[in-house]
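Quick notes on the structure that follows.
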Amino acid sequence: MRRADAFLALLLALAALGAAAAAHARAQARRLLPEQEARAELVRRLDLTDLCLFTEARYTRHPSQADRFAAFQDHPVALEHFPSGSLVPPRR
Amino acid sequence: MRTWLARQRSLLDFALGSLWRRKGKNLALTAVYALTVAAVASVLFFTGALRAEAARVLAGSPEVVVQRMVAGRHDLLPAGHLQALRGIRGVGEIRGRLWGYFHDPTPQANYTIQVPDRFWGEEGQAVVGQGVARARRLAPGSPLDLVAHDGSTLRLRVRELLASGSELVSADLVLISEADFRRLFGVPPGVYTDAVLTVRNPREVSTVAAKVAAALPDTRPITREELARTYESIFDWRAGLSVIVLGAAVLAFVVVAWDKASGLSAEERREIGVLKAVGWETSDVLALKAWEGAAVSLTAFGAGVLAAYAHVFLLGAPIFRPALQGWSVLYPQFRLVPEVGPYQLATLFFLSVAPYTAATVVPSWRAATVDPDAVMRS
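So the protein lines, in turn, are chains A and B.
Numbering of the first sequence is given in the working numbering, commencing with residue 5 and proceeding in unit increments.
Numbering of the second sequence is given in the working numbering, commencing with residue 201 and proceeding in unit increments.
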């Protein structure tokens, strides 16, 4: 087998895996839709405002409800001391 | 056309043979390149999926939240403010919310304690999120003791756990009755944490928010649009987590590209010289080098994107978990709905394949345009 053919076969295999991933994505989206709708319903029912991603500090648990100067809320020129504070940029 | 295809196939053959002669270096390069693409693609897929999740799930969040500010800090909202809000034209329903944070010293975790608008349990009962249940090993019927503001113990019994599929919004929630909430935090009757209101005409939300701020100058209204913007900025690929990973990946890529662009190895220059001497045109050499670059970058791109998809959507992004978890004890277990669009793939492609191929071709063009004799002697 020529090297070029082997390489094209490799590219085809990668493309086939890509197509499989796309099919998986569609199937997952269909399968997880009821769970997502249940989350949206809970948000409506409980008047929730934020995703529960970072529970370590007030302003990372509810970034949308935090002060605009969240990182410095403890006292002026306070250093940011929570790791997720480096992932959550200030509110715009 | 057939001739052209046969010619390109032969050039690709030759390019792969040339790469294979330095297989150690090229395989290592492809592996590192694929890892770089995988790291960047993982961030794009993960943040893209979280952004889509936030947009869909938080679409039902309150239209306007009204907070009271005292000395620049969020403060409790008196019931009188609710009356004042009722007088504003365009405002529909108004509810005072009761919620707060509770640090539980046993698992060292922070909970969000909230009173639902219509709590379906009784006084003395709690409905808890899965994260809280894991941290305290709770099941329906378990006792849940919390230390109240005055040092006394508030004894609750778990009525039920919130569904595990809802962890992304509810992992740290403890839902209790209003009486229990006021006892736990010592919040007197007639005050609320904040208020939520609906707006009769959705197009008037910003007008109503401005009226709220004018009628009650000590309050800060937060609209649903602002809330969505917050999540767009958190998961924006130009901010936060993305900047950290992208910065590292781009630096790594710059090192590789700089190494390539700053010149070819003596062996590569001699190879180009020999090809020119045996009658190859400059365009043939360039086509050969473009195929070499494309072979490495296409393989790395394909493998990197697939690895990123598997990492984020099959394995649940375990590499990001420590970064996202930070110091939190409670972390939701969630499965993201895959969201991979052509925009993300095109961004990745042009950030990886195009610059690498250019970095391969440009120095070769410089070597291929000089006299073969000089190239071989240098």
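Idealized CB from N, CA, C, for every residue including glycine.
For residue i, which residues of its own chain have a beta-carbon under 8 angstroms away from its beta-carbon, when the five flanking residues on both sides are left out?
i: B:G287; result: A415
i: B:T569; result: T482
i: B:A490; result: T557, T560, V561
i: B:V332; result: A309, Y311, L338, A371, D372, L373, V374, L530
i: B:A525; result: Strictly speaking, residue 525 of chain B in this sequence is Gln, with Ala absent from that position. So the list reads Y531, once near-sequence residues are dropped.
i: B:D484; result: L211, L475
i: B:R377; result: The sequence shown places Ser at residue 377 of chain B, rather than the Arg named in the question. Excluding positions up to five away in sequence, the list reads V315, F319, G321, E322, E323, G324, Q325.
i: B:M269; result: D275, D418, T419, R420
i: B:A215; result: L488, K489, W491, E492, A495
i: B:R207; result: none
i: B:F549; result: F501
i: B:D304; result: N310, Y311, A335, R336, L346
Among the residues of its own chain, which have a CB less than 6 angstroms from the CB of residue i, if the five just before and after it don't count?
i: B:F302; result: Y311, I313
i: B:S580; result: As shown, chain B starts at 201 and ends at 578. That puts residue 580 of chain B outside it, with no answer to give.
i: B:A507; result: A238
i: B:P278; result: V391
i: B:F435; result: T247, L250, R251
i: B:S552; result: V237, F501
i: B:S528; result: none
i: B:A409; result: V264, P421, T423
Since residue i meets chain B, which of its residues come closer than 8 angstroms, beta carbon to beta carbon?
i: A:A8; result: R209, S210, L212, D213, L216
i: A:L15; result: L498, T499, G502
Apart from the five residues on each side of it in sequence, which residues of its chain come closer than 7 angstroms, Cβ to Cβ, to residue i?
i: B:A221; result: Rather than Ala, the amino acid found at residue 221 of chain B in this sequence is Arg. Cβ neighbours of B:R221 beyond the five flanking positions: none.
i: A:S88; result: F58, E60, T64
i: B:L282; result: I294, G296, A395
i: A:F86; result: E60, A61, T64
i: A:H66; result: T53, D54
i: B:D317; result: R295
Give me the chain A residues within the contact set of residue i, using Cβ-Cβ distance strictly less than 7 angstroms, ordered along the chain.
i: B:P262; result: D51, T53
i: B:G618; result: Limits of chain B in this structure are 201 at one end and 578 at the other, which puts residue 618 of chain B out of reach.
i: B:A363; result: A42
i: B:R297; result: D51
Chain B partners of residue i, CB-CB under 7 angstroms?
i: A:L36; result: R535, V537
i: A:A33; result: V537, P538
i: A:A25; result: L506, Y509
I believe residue i touches residue j by the beta-carbon criterion, under 8 angstroms. Please report the beta-carbon distance rounded to the nearest angstrom.
i: B:V405; j: B:T423; result: 5 angstroms
i: B:L397; j: B:G292; result: 7 angstroms
i: B:F534; j: B:L427; result: Going by Cβ atoms, the distance from B:F534 to B:L427 rounds to 20 angstroms, so no, they are not a contact pair.
i: B:V505; j: A:A29; result: About 12 angstroms separates the two Cβ atoms, so there is no contact after all.
i: B:Y431; j: B:F245; result: Between B:F245 and B:Y431 the Cβ distance is about 17 angstroms, and since that is not below 8 angstroms, they are no contact.
i: B:G479; j: A:R7; result: Actually they do not touch by this definition, with Cβ atoms about 22 angstroms apart.
i: B:T230; j: B:V496; result: 5 angstroms
i: B:P542; j: A:A33; result: Going by Cβ atoms, the distance from B:P542 to A:A33 rounds to 16 angstroms, so no, they are not a contact pair.
i: B:V412; j: B:L285; result: 7 angstroms
i: B:A271; j: B:P307; result: The Cβ separation is near 33 angstroms, so there is no contact.
i: B:A477; j: B:P572; result: 4 angstroms
i: B:V399; j: B:G290; result: 6 angstroms
i: B:E360; j: B:P388; result: So it is not a contact: roughly 29 angstroms between Cβ atoms.
i: A:Q40; j: B:V265; result: Not quite, the Cβ-Cβ distance comes to about 23 angstroms (not below 8 angstroms), so this is no contact.
Please list the partners that residue i has in chain A, where partner means a Cβ-to-Cβ separation under 9 angstroms.
i: B:L258; result: A44, V47, L52, T53, D54, L55, S68
i: B:P316; result: R49, L50, D51
i: B:D372; result: C56, T59, R65
i: B:N310; result: T59, E60, A61, R62, R65
Give me the chain A residues within the contact set of residue i, using Cβ-Cβ distance strictly less than 8 angstroms, ordered along the chain.
i: B:Y301; result: R62, R65
i: B:P532; result: C56, L57
i: B:H274; result: Q69, D71
i: B:S242; result: Under the 8 angstroms cutoff, chain A gives no residues; its nearest Cβ is about 13 angstroms from B:S242.
i: B:S366; result: E39, A42, R43, L46
i: B:A156; result: Given that chain B is displayed from residue 201 to residue 578, the structure contains no residue 156 of chain B and the question cannot be resolved.
i: B:L524; result: L57, F58, S88, L91
Residues of chain B with CB closer than 9 angstroms to the CB of residue i, please, in chain order.
i: A:A29; result: Y509, F513, V537, P538, E539, V540
key: Stretch pair the segment 499-517 of chain B + the segment 18-37 of chain A: three plus CB contacts closer than 8 angstroms   = yes
request  = Examine the Cβ distances between the segment 355-371 of chain B and the segment 235-242 of chain B and report whether three or more of them are shorter than 8 angstroms.
outcome  = no
request  = Assess, as a yes-or-no matter, whether the segment 466-477 of chain B is touched by the segment 242-256 of chain B under the definition of 3 or more beta carbon pairs within less than 8 angstroms.
outcome  = no
query = If we count Cβ pairs, one from each stretch, closer than 8 angstroms, do we get three or more for the segment 48-55 of chain A versus the segment 256-275 of chain B?
reply = Yes, since at least three Cβ pairs between the segment 48-55 of chain A and the segment 256-275 of chain B fall closer than 8 angstroms, the two stretches touch.
task = Could you say if the segment 381-394 of chain B and the segment 335-352 of chain B meet the contact criterion of at least three C-beta pairs nearer than 8 angstroms?
result = yes
request  = Report the residue ranges of all beta strand (DSSP E) runs contained in full by the segment 360-424 of chain B; include only those spanning at least 3 residues, in chain order.
outcome  = List check, beta strand (DSSP E) in window: 373-375, 394-399, 419-423.
task = Please specify which runs of the alpha helix (DSSP H), each continuous and at least 4 residues long, are wholly inside the segment 207-253 of chain B, giving them in chain order.
result = Counting only runs of 4 or more, we get nothing.
request  = Go through the segment 492-553 of chain B residue by residue and report every complete run of the alpha helix (DSSP H) that reaches 4 residues or more, in order.
outcome  = 521-525
key: Segment contact, 8 angstroms Cβ cut-off, at least three pairs: the segment 290-301 of chain B with the segment 497-507 of chain B   = no
query = At which residue ranges does the segment 265-347 of chain B contain complete beta strand (DSSP E) runs of 3 or more residues, listed in the order of the chain?
reply = 273-275, 291-304, 309-315, 325-328, 343-347
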